[in-house]
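Report on the structure given below.
Residue numbers (the numbering used here), protein chains in the order written: chain A, 1 to 383; chain B, 1 to 93.
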């Protein structure tokens, strides 16, 4: 393949690369020839996109469908205060152009789905997984395996992160490490569990480093290793990953088409993590009416104390979800019980636990405090 | 020396915030080490093992640097000085 030349401006811009052994002019031209897709322009995608742009990656694809929210700004450095309300792609494109106008930014304004993933990914050499949910991670993985493209993986939770490179010629894929996703609702998202803002910055920067190394063809990638980062103790360690010969994606190759990943992860719809048919619900408006009329029931809030401190409903009682099993004896099975949380997911899981423990008059507050804020009392902050 | 079990932050709330648990050096396998943890912190092992006592498919357990999926599974031997690391899937980004 003939590599693109660099203009005098580019030679000046990348001067620190040109004198760097293992990069040099040939390496910089490889970066310019590289086509790298970043799935997600959020916490991980931000440092990835910024550093790949700064490094001179020639074609940088971005996939995102979301709009910048003020709660993103604590960690998503692609976006600033004046970008709230804009699409993440518009914000990202503008920021990347400012960092490096030589980068061709290709925006894919869509959710990545089984219907479009192969078509979108096939035009790129390297894929970076900057997503925030299991369904899209499995989708990205399977698409990369089917297309034979490396998948630079990173994920975070609270103060911990993971990074690796999947789907290389001889290396393992995501399914080799995690054959199945956790049951829905078991692992909180960043919105529910919280995340140290700088943590996706650390992991995303590691992903950018790995993507650049792959494009340059230098060093030893994380393929075959899982990097575990604990930001609280600032410990970095790697464990060995192996290709699983029984892996349906890269081992037995029984996965020949992309599947329904929402179903695979047990998730239906935008945010639901439970089967609404199985969990009796009450809407915020209905709950408000019952509170006003003074109806006799218990209202239990299963969020964390720090969420309670942000906002809570009068008359509610805080029992964080993890402590619910130990608190069952303190609840009266014969009284009507409404359970709530931030979005209705954790409380649905709580309702199922209560039902399994013999509670028959228990209902989930549909949409949680977020929907209460929308439908009943906008003074309640959404977070 | 002892057998250390490093918990991921997703599980530390179920062990009152403890990041590393220490189990008796008499535990000879990963299964025994997990059973020892279950006696004190059942909510931890509930999230590592299924009701049938098998490793949950979204969780990995490493003895040293090797996944037990490529060793002897839950029967993988451990000894005084072994470090067991539990690594569940997380998806934040």
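Here a beta-carbon is modelled for each residue, glycine too, at the ideal position from N, C-alpha and C.
Computed from a predicted structure; not experimentally measured.
Please list, in chain order, all residues of the same chain as residue i whose beta carbon is under 6 Å from its beta carbon, the five residues on each side excluded.
i              : result
residue 270(A) : Note that residue 270(A) has pLDDT 38, beneath the 50 cutoff, so the model's placement of it is unreliable and no number is given.
residue 276(A) : Any answer about residue 276(A) is weak, because its pLDDT of 46 lies below 50 and its placement is not dependable; what the coordinates show is given next. Cβ neighbours of residue 276(A) beyond the five flanking positions: none.
residue 149(A) : 127
residue 371(A) : 284
residue 336(A) : 297 and 361
residue 171(A) : 223 and 224
residue 274(A) : For residue 274(A), the predicted model reports a pLDDT of 46, less than 50, meaning its position is unreliable and no value from the coordinates is stated.
residue 206(A) : 163
residue 357(A) : 328
Measure the beta-carbon distance from residue i to residue j and round it to whole angstroms, keeping in mind my assumption that it falls under 8 Å.
i              : j              : result
residue 68(A)  : residue 88(A)  : 6 Å
residue 100(A) : residue 135(A) : Actually they do not touch by this definition, with Cβ atoms about 32 Å apart.
residue 240(A) : residue 224(A) : 7 Å
residue 70(B)  : residue 253(A) : About 20 Å; that fails the 8 Å criterion.
residue 364(A) : residue 295(A) : Contact flag wrong, Cβ pair sits at about 17 Å.
residue 110(A) : residue 65(A)  : 6 Å
Based on the DSSP secondary-structure assignment, which residues constitute the bridge partners of residue i?
i              : result
residue 316(A) : 299(A)
residue 164(A) : 153(A)
residue 340(A) : 301(A)
residue 92(B)  : 156(A)
residue 67(B)  : 62(B)
residue 281(A) : 364(A)
residue 77(B)  : 29(B)
residue 3(B)   : 23(B)
residue 195(A) : 158(A)
residue 49(B)  : 55(B)
residue 67(A)  : 87(A)
At what residues does the alpha helix (DSSP H) containing residue i begin and finish?
i              : result
residue 108(A) : Residue 108(A) -> not in any alpha helix (DSSP H); beta strand (DSSP E) instead, spanning 104-108.
residue 35(A)  : Taken as a continuous stretch (DSSP letters only), residue 35(A) belongs to no alpha helix (DSSP H), being part of the beta strand (DSSP E) at 35-39.
residue 234(A) : Careful: residue 234(A) lies outside any alpha helix (DSSP H) and carries neither H nor E.
residue 61(A)  : Per DSSP, residue 61(A) belongs to no alpha helix (DSSP H); it is in the beta strand (DSSP E), 59-63.
residue 120(A) : 117-121
residue 21(B)  : Taken as a continuous stretch (DSSP letters only), residue 21(B) belongs to no alpha helix (DSSP H), being part of the beta strand (DSSP E) at 20-23.
residue 44(B)  : 42-46
residue 91(A)  : 88-99
residue 79(A)  : Per DSSP, residue 79(A) belongs to no alpha helix (DSSP H) and is neither H nor E.
residue 13(A)  : 8-13
Could you name the residues of the same chain whose beta carbon sits closer than 8 Å to that of residue i, not counting the 5 residues immediately before and after it, in chain order?
i              : result
residue 30(A)  : 3, 215, 216 and 217
residue 13(A)  : 56, 100 and 102
residue 238(A) : 222, 225, 226, 227 and 228
residue 144(A) : 121, 127, 150, 151, 166, 167 and 173
residue 93(A)  : 62, 105 and 107
Can you list, in chain order, the residues of its chain with a C-beta nearer than 7 Å to that of residue i? Leave out the 5 residues immediately preceding and following it.
i              : result
residue 310(A) : 381 and 383
residue 79(A)  : 68, 72, 73, 88 and 91
residue 76(B)  : 29, 30, 63 and 68
residue 92(B)  : none
residue 147(A) : 118, 121 and 122
residue 76(A)  : 42, 43 and 46
residue 376(A) : 284, 285 and 288
residue 131(A) : 39, 40, 137 and 140
residue 183(A) : 266
residue 171(B) : The question about residue 171(B) has no answer here: the residues shown for chain B are numbered 1 through 93.
residue 247(A) : 173, 175 and 176
residue 24(B)  : 36
Specify, as a first and last residue, the run of the beta strand (DSSP E) that residue i falls within.
i              : result
residue 84(B)  : 83-88
residue 225(A) : 225-230
residue 365(A) : 362-365
residue 126(A) : 126-129
residue 327(A) : No beta strand (DSSP E) contains residue 327(A), which is instead part of the alpha helix (DSSP H) from 324-327.
Quiz item: Name the residues in the region 49-76 of chain B whose C-beta lies less than 9 Å from a C-beta of chain A; which are they?
Solution: 56, 57, 58, 59, 60, 62, 64, 65, 66, 67, 69 and 70
Quiz item: Between the region 129-162 of chain A and chain B, which residues of the former have CB atoms less than 8 Å from a CB of the latter, in chain order?
Solution: 129, 130, 131, 132, 133, 134, 137, 154, 155, 156, 157, 158, 159, 160 and 162
Quiz item: Looking at chain B, which residues of the region 33-52 of chain A have a Cβ within less than 8 Å of any of its Cβ atoms?
Solution: 40, 42, 43, 44 and 45
Quiz item: Just by C-beta distance, which residues in the region 241-265 of chain A are closer than 8 Å to chain B?
Solution: 241, 242 and 244
Exercise. Taking a Cβ distance cut-off of 8 Å, strictly less, list which residues of the region 80-92 of chain B are near chain A, in chain order.
Key: 85, 87, 88, 89, 90, 91 and 92
Quiz item: Got a sec: which bits of the region 2-29 of chain B sit with their beta carbon under 7 Å from any beta carbon on chain A, in order along the chain?
Solution: 8, 9, 10, 13 and 14
Practice problem: With 8 Å as the C-beta to C-beta threshold (strictly closer), list the residues of the region 311-337 of chain A near chain B in chain order. | Solution: 322 and 325
Exercise. Could you run through the region 192-208 of chain A and flag, in chain order, every residue whose CB is less than 7 Å away from some CB of chain B?
Key: 195 and 200
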